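Take the sequence shown: its position 73, counting from 1, is numbered 79 in this note's numbering, and each next residue is one higher. Just so it is clear, CB atoms sit at the ideal spot from N, CA and C, and this is done for glycine as well. Quantities reported herein were computed from a predicted structural model and do not represent experimental measurements.
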Amino acid sequence: MIDDDYREINSDIKRTATINLYKPLNETDFLSKPHAEIRKEFRKIPNPPAKDTYAARYEENLDKSRYRDVIPGESTRVKLEEDIDNKSDFINANYVSGYNNEENAYIFTQ
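Shown next as structure tokens:
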């Protein structure tokens with residue numbers, strides 16, 4: 007099996023404990039912050055420019071998104087072959103770069 011081969015090849019590698027690169031926010035810390043402070047932090051997250059999300063805003067595509075405020079940008083949007091009935095290539099999904107900036111390595115969707 008592949009897993010067995012992998013373990014055999016990498017058996018000489020010294021393994022150390024994993025470390026967190028960020029401090030997870032536990033429930034107590036989260037709940038102790040005033041709601042206004044959390045909202046203030048949330049508002050700092052930039053929204054994509056409206057011109058970069060036009061396909062998601064077309065009337066025929068509105069029902070194709072589970073959340074109306076989470077929409078794909080045009081520059082990385084996954085485009086389907088056009089549907090004969092409604093002539094739309096829209097799906098709420100974006101290509102995302104992978105390890106070492108490998109383009110279109112993953113697709114994020116709702």
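Please state whether the Cβ-Cβ distance between Ala-62 and Ile-51 is less than 7 Å. no
Does DSSP put Thr-115 in a helix, in a strand, or in coil?
Strand at Thr-115.
* Nearest-angstrom Cα distance between Val-102 and Lys-46? -> 28 Å
query: Between the C-alpha atoms of Tyr-60 and Ser-38, what's the straight-line distance to the nearest angstrom?
result: 39 Å
C-beta atoms of Asp-48 and Asn-67 nearer than 7 Å:
A small correction: the amino acid at residue 48 is Phe; Asp does not occupy that position in the sequence shown. No, these two residues do not count as a Cβ contact at 7 Å.
Notebook entry, point to check: If we call anything under 7 Å between Cβ atoms a contact, is Asn-100 one with Arg-83?
Noted result: Judged by their CB atoms, Asn-100 and Arg-83 are nearer to each other than the 7 Å cut-off.
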